[in-house]
Amino acid sequence: MQGLPPSTSRPISVETIGNNAPAWLLQKIRDHPDEGSLIRNLSKKQRQEYYALVSRQQQPLFDDNYDDTICLDNRHREAMIAYVNDNPRRALLRRRFPNVMQRCLHVTIGQRDYGAFGNLFLLRWARKLQVQCHRRHPVSHLPYETTDDYARQHAEWEEALLNGQTVLVTPGISRGEQLMKNECLVKGYPLIHLQKEPIGPYWKPERRRFEACLQGHLLILAPWNIDTMGGVSGAPADSDYSRFHNLNTLATEICAFYGEARIQKTFNS
């Protein structure tokens, strides 16, 4: 439709871009000499920078979040049909309960911007506790969630929740964090969940987190420009290792935040 050769065979080189391109892009081009391979190995932000740099009028035909899933069996097909059929109900609920189903593209907490979905009132709670634990116990090297130390932490988190006026904050990365996050979703404990996937105008959570938002006990936050926080322990800034560690750093910041979050724009549809 755009009159271009297939991206899989469209050559690209450092000379095509020019030496003024950022170093990360020049290295990516050396590793991926055709445009199709290059684009598949860029993040959404990097793709935007690439298109702006080469001044291409032709933009991708589909949005980044376009879902072209191929159903490989009846179970998958039925799940996708159920998802589509449930969309009208979800849209009605978002309109019926706007205070706990807000989608905000920019919420400023301290000095950082986030996309958000859910109950923003949870940010105002005075007491926030971070759920953070190792994958392995630092002494025994056993899976941390199987140890007595984790059991003690879990008891402290649960006691704080049952006493009221406490919201847990976690990205839910390690197994122990995942278990506590899932327990909050099942039991209705207040939770602020950080994720690395961005929240855009059309993003929405999967059914379980959607239902938790509907009940008013969940806020999902996704930081913008998380890679600008830098790499961790020598890992690249855009690696999962660095992103996961940086999400825990953000959870610590949110727990210490007691000001008023600034909401720039909200989308409820």
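FYI, the numbering for the sequence shown is 82 to 350, going by our numbering.
Positions of the beta carbon are idealized from the N, C-alpha and C atoms, including for glycine.
Check this for me: beta carbons of residue 251 and residue 332, under 7 Å apart or not?
Residue numbering aside, residue 251 sits at position 170 when the sequence shown is read from its first letter. Residue numbering aside, residue 332 sits at position 251 when the sequence shown is read from its first letter. Contact flag set, yes.
What's the call for residue 349, buried or exposed, on a 16-neighbour Cβ count within 10 Å?
Position 268 of the sequence shown, counting from 1, holds the residue named residue 349. Only weak support exists for where residue 349 lies, its pLDDT of 48 falling under 50; the value from the coordinates is given anyway. Classification of residue 349: exposed, given that the 10 Å Cβ count is below 16.
Looking at the unbroken beta strand (DSSP E) that takes in residue 183, where does it start and where does it end?
Taking the sequence shown and counting its residues from 1, the one referred to as residue 183 is at position 102. Residues 183-190.
Give the single residue among 214, 205 and 172 whose Cα lies nearest to the Cα of residue 326.
Taking the first residue of the sequence shown as 1, we reach residue 326 at position 245. It is 214.
Check residue 177 in the structure and name its three-state DSSP category.
Start at 1 with the first residue of the sequence shown, and residue 177 comes out as number 96. Residue 177 falls in the helix class under three-state DSSP.
Threshold first: 4 residues or longer. Then list the alpha helix (DSSP H) segments lying entirely within the stretch 257-292, N to C.
Counting only runs of 4 or more, we get nothing.
Looking at the structure shown, is residue 319 part of a helix, part of a strand, or coil, going by DSSP?
Stepping through the sequence shown from its first residue, residue 319 is reached at position 238. Of the three classes helix, strand and coil, the one that applies to residue 319 here is coil, per DSSP.
With respect to the alpha helix (DSSP H) encompassing residue 135, which residues constitute its N-terminal and C-terminal limits?
Stepping through the sequence shown from its first residue, residue 135 is reached at position 54. That run of the alpha helix (DSSP H) goes 125-135.
For the pair the stretch 299-317 and the stretch 277-284, tell me if three or more CB-CB distances fall below 8 Å.
Yes, they touch.
Buried or exposed, going by whether 16 or more other CB atoms sit within 10 Å of the CB of residue 157?
The residue given as residue 157 occupies position 76 in the sequence shown. Exposed, by the Cβ-count rule.
Secondary structure at residue 165, three-state DSSP: helix, strand or coil?
Residue numbering aside, residue 165 sits at position 84 when the sequence shown is read from its first letter. Looking at residue 165 - three-state DSSP - the assignment turns out to be helix.
Hey, how far is the Cα of residue 152 from the Cα of residue 221?
Walking along the sequence shown from the start, residue 152 turns up at place 71. Walking along the sequence shown from the start, residue 221 turns up at place 140. Cα-Cα distance, rounded: 44 Å.
What does the Cβ neighbour count give for residue 169, buried or exposed, with the cut at 16 atoms within 10 Å?
Mapped onto the sequence shown, residue 169 falls at position 88. Per the 10 Å Cβ criterion, exposed.
The alpha helix (DSSP H) spanning residue 151 covers which residue range?
Within the sequence shown, residue 151 is the residue found at index 70, counting from 1. Segment: none, residue 151 is in no alpha helix (DSSP H) and carries neither H nor E.
In terms of DSSP beta bridges, what is residue 303 paired with?
Here residue 303 is taken as the residue at index 222 of the sequence shown, counted from 1. Note: residue 303 sits in a beta bridge opposite 196.
Which two residues bound the contiguous alpha helix (DSSP H) that contains residue 242?
Taking the sequence shown and counting its residues from 1, one reaches residue 242 at position 161. Segment 229-243, the alpha helix (DSSP H) holding residue 242.
Which residues in the same chain as residue 113 place their Cβ atom closer than 6 Å to its Cβ, once the five residues preceding and following it in sequence are excluded?
Against the sequence shown, residue 113 aligns to sequence position 32. For residue 113, where only same-chain residues beyond five positions count, the Cβ hits under 6 Å are 119 and 122.
Can you tell me whether DSSP reads residue 254 as helix, strand or coil?
Residue mapping note: residue 254 aligns to position 173 of the sequence shown, counting from 1. Residue 254: coil per DSSP, three-state reduction.
Provide the residue span of the alpha helix (DSSP H) that contains residue 108, from first to last.
Indexing the sequence shown from 1 puts residue 108 at position 27. 104-112 is the extent of the alpha helix (DSSP H) around residue 108.
Pick from 171, 249 and 135: whose alpha carbon is nearest that of residue 334?
Indexing the sequence shown from 1 puts residue 334 at position 253. When only C-alpha atoms are compared, the closest one is 249.
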